[in-house]
Amino acid sequence: MSESFVHLHVHSEFSLLDGMIRTKDLAKTASKLGMPAVAMTDHGNLYGAIEFYQNCKKAEIKPIFGCEIYLAPHSMEDKKDLVGRKRATHMTLLAETNEGWNNLSKLVSKGHLEGLYYGKPRVDRAALRQYSKGIICLTGCISGPVNEWLRAGDEEKARETLAELVDIYGSENTYVEIHNHGLEPQRVVTPGLLKLAKEFGLKPVAANDVHFLNRSDHEAHDVMICIGTGHLIIDENRMRYTPEVYFKTAEEMRKIFAEIPGACDATLEIAERCNVEFKLDAASSEKYPQFGTPDGSPREQYLMSACQEGLIRRYGEQKASKADIQERLKYEVETINKLGFASYFLITADFIQWARDQDIPVGPGRGSAAGSLVAYAIGITDICPLQFGLLFERFLNPERVSPPDVDIDFCQSRRAEVIDYVRKKYGDRSVSHIITYGTMGAKSVVRDVARVMGMPYSDGDRLSKVIDPKPLDEPEKIKYDGSILRREFDKNTELREMIEASSTYQELWRYALTLEGLNRNVGIHAAGIVIGDRPLDEHVPLTRGNEGEVVTQYDMNAITEVGLLKMDFLGLKNLTVIHEAVGHIRKRKPDFVIEKVILDDQPTFDLLNRGETMGVFQLESGGMVETCRKYQIEKIDDIIDLLALYRPGAMQFIDQMIEVKKGRKKAMYEHPLLEQVCGNTYGVMIYQEQVQNAAKLLAGYTLGGADLLRRAMGKKDPKKMAEERSKFVEGAARTNGIGEKLANQIFEKIEMFAGY
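Quick note: the sequence shown, position 378, residue 381 per our numbering, numbers continuous.
Quick look at the structure:
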């Protein structure tokens, strides 16, 4: 064997408020140290598996998927103590094969769904046996089931426990895990472990129970432990970790375990055996439930038929047959079918129609989905994309294949009924909520660290109040390594002077910099629902929410990466208010239909222009009231423009638009074609579609390519922006004979607007 080593027992930040390692840093560090692989074995969960996999692939190092599980002393339902302590023991399980990964995922899910006890997702021996295939078992840390008996002085019970593990996993898949942090309990049990390993013909394997990357991280980790346990650093009787649980080099590990021949070599042997590969394809619809068409026809064919019928309902037969409408429909349907998303549209239309049939208020549509004529035709949205010049490519871009994403608003009080309908239609085990991870934010981590350091609340609060927590843009993420606190220290003179004037603040700041952004807790996505083609535990690990809801252990991004169908079911109280108002109106006017309300009612505009907007969705804030008064709304399009304009960044152009609208200033266009793009918004680009149309008209972009440009501008990635600038300048010269200087000026103007 070589002189290398592989860490097989590692806790990332997904061991919440216990592990302190980001998966990106874990993969980079293992690779930098020349290790061929690295494991991630978080406490009772697989939250970070996809992120870990992706970061290992980027670092060109093999990922080993594992979990430090909680093993119940008896049955999962039995709450008896073990050796006089009310607790579970710990075991390290590693997935050797893809089958092993699936079994590990199901085992962990079972613990969360059936075995929760004092917040710990426990499993029992029957569950271990049920999901044992493809798993390599390490006997665990000092709190492992074998070690517990050795610490209690009962070697025979330890022997029986190890024999049971060997019976479950086989001697070739069972390793005796050895730790050496210089702690007395480890010194006591190690001889017994080695004796049992020899007796059973098992190999000892060295591990370090890693919780942070560098020895120097120990103090910050100790602060984090105090945050999690509610203690102060000065408290004597509290949980503490040894400084030794850092990510040691191969040389350090081999030196520590020099007296146990083969213990480090065994890590390489296990790493060689573990070969799990994920098939990540966000653009695949393979795992989507397949919509059953009422007439048994192919979904692709049924989608076109449903669209044609829908267009007739929307436009009437004569208008629906017009060439431009039919051409747009054909293009959209062909794109949808080619990308494999027919079921997505049919499933979405089905539960929206069901909601309407139950008299559950449904929103008219929001976001990029409003750009789809198909969505309008089959009732997913109620906004005609042709009337408002909305683009399909912003929603589903054939040049950048990604899954469609439809946000649907439902009456807040009846949203759960729609989700229940989906559960019944596709199977309770195939539908789930989505987890979210709360992190230690820039302001909150400063207050938390101040608290555990024993500082007065006012001191921590004073420091946190001068921190601007606004998110980093792309260049800032690179410059400040993703840290808002680093940016603030660099740019905020008041903050910097406060820190430099106090050694206590300097210590606090050092800890806060290390902890900022680490995962702190889990929650449930406010709107996200996953619908699978089969029980979801066959695709992803599951957990439970505080109310007993089934929740994926993967967050929204990971769910998308594995190719599962995600829907956003948003609850909007304004829909409930409108629905009730319509009910009152119908008591006097039984034939009242809100969809036929006139949109050019001057008395309504007069109300808005006087600032009487209390309770009006998105128009009731103080700033918006003042804007309505200044703008003087004359038509429905003015309201639409103001809603698009009233957001950070874009708000700076409100006064400019008002001046042009009232004729006090003239709109300035660098090129006549720009007037075609933003003449109706008084020379200001306030819509993403305008950015795309500008790129198409001035530089010959396809609408799909223009969508890629828009995304790049929004992210402000310097490398990508340089590529797009060159492409734009060349395209402007080729398409319209625009010179390089002017093309650059136009590009910069578009870039400025696109950033908002």
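C-beta: ideal position from N, C-alpha, C; glycine also. Just so you know, these numbers come straight off a predicted model, no measurement behind them.
Helix, strand or coil: how does DSSP classify residue i here?
{"i": "R243", "result": "coil"}
{"i": "N183", "result": "coil"}
{"i": "N211", "result": "coil"}
{"i": "Y134", "result": "coil"}
{"i": "G734", "result": "helix"}
{"i": "Y785", "result": "This structure cannot settle anything about residue 785, because the visible part of the chain is limited to 4 through 759."}
{"i": "N524", "result": "strand"}
{"i": "H224", "result": "helix"}
{"i": "V126", "result": "strand"}
{"i": "V13", "result": "strand"}
{"i": "V554", "result": "strand"}
{"i": "H93", "result": "strand"}
{"i": "Y249", "result": "strand"}
{"i": "I75", "result": "Strictly speaking, residue 75 in this sequence is Ala, with Ile absent from that position. In this structure, A75 counts as coil in the three-state DSSP scheme."}
{"i": "V86", "result": "Confidence in V86 is poor, its pLDDT being 49 and thus under 50, which makes the residue's placement too unreliable to answer from."}
{"i": "A504", "result": "coil"}
{"i": "L706", "result": "helix"}
{"i": "L376", "result": "helix"}
{"i": "Q390", "result": "coil"}
{"i": "Y767", "result": "Only positions 4 to 759 of the chain appear in this structure, which leaves residue 767 out of reach."}
{"i": "A670", "result": "coil"}
{"i": "I487", "result": "helix"}
{"i": "V565", "result": "coil"}
{"i": "Q693", "result": "helix"}
Which residue or residues does DSSP assign as beta-bridge partners of residue i?
{"i": "M43", "result": "F68"}
{"i": "D571", "result": "D410 and G531"}
{"i": "R369", "result": "D410"}
{"i": "S435", "result": "V533"}
{"i": "G441", "result": "N524"}
{"i": "L36", "result": "Its beta-bridge partners do not exist; DSSP assigns none."}
{"i": "Y120", "result": "K123"}
{"i": "Y178", "result": "L141 and K206"}
{"i": "T546", "result": "V554"}
{"i": "A98", "result": "I138"}
Please indicate yes or no: does the CB of residue i lie closer than 6 Å to some heavy atom of the ligand NAP?
{"i": "Q605", "result": "This structure lacks the ligand NAP; in fact it carries no ligand of any kind."}
If residue i and residue j are in contact, beta carbons under 8 Å, what's the gap, nearest whole angstrom?
{"i": "I67", "j": "C277", "result": "5 Å"}
{"i": "I764", "j": "L306", "result": "The question about residue 764 has no answer here: the residues shown for the chain are numbered 4 through 759."}
{"i": "Y178", "j": "L141", "result": "5 Å"}
{"i": "M242", "j": "T232", "result": "6 Å"}
{"i": "T684", "j": "C414", "result": "In fact, because the Cβ distance is near 33 Å, the residues do not count as touching under 8 Å."}
{"i": "L29", "j": "C70", "result": "The Cβ separation is near 15 Å, so there is no contact."}
{"i": "P292", "j": "I643", "result": "So it is not a contact: roughly 35 Å between Cβ atoms."}
Quick check on residue i: buried or exposed, where buried means 16 or more other Cβ atoms within 10 Å of its Cβ?
{"i": "H115", "result": "buried"}
{"i": "G22", "result": "buried"}
{"i": "V13", "result": "buried"}
{"i": "Y514", "result": "buried"}
{"i": "F756", "result": "buried"}
{"i": "I237", "result": "exposed"}
{"i": "R397", "result": "buried"}
{"i": "A358", "result": "buried"}
{"i": "N217", "result": "exposed"}
{"i": "D604", "result": "exposed"}
{"i": "K341", "result": "exposed"}
{"i": "P264", "result": "exposed"}
{"i": "R523", "result": "buried"}
{"i": "G37", "result": "exposed"}
{"i": "A549", "result": "One point to set straight first is that residue 549 is Asn, not Ala, in the sequence displayed. N549 should be labelled exposed."}
{"i": "H587", "result": "exposed"}
{"i": "M43", "result": "buried"}
{"i": "D220", "result": "buried"}
{"i": "H77", "result": "exposed"}
{"i": "P593", "result": "exposed"}
{"i": "G457", "result": "exposed"}
{"i": "S288", "result": "buried"}
{"i": "L205", "result": "buried"}
{"i": "G520", "result": "buried"}
{"i": "N211", "result": "buried"}
{"i": "D45", "result": "buried"}
Verify the CB distance criterion: does residue i have a CB-CB separation below 7 Å to chain B?
{"i": "D284", "result": "Reference to chain B is not applicable here, since this structure consists of a single protein chain."}
Entirely enclosed alpha helix (DSSP H) segments - the stretch 580–668, minimum 4 residues: 605–612, 625–634, 639–648 and 657–664
Please give the ranges of any beta strand (DSSP E) in the stretch 135–161, keeping only runs that are unbroken, at least 3 residues long and fully inside the region. 138–141
Note down, one range per segment and in chain order, each alpha helix (DSSP H) of at least 4 residues found wholly within the stretch 261–292. 268–276
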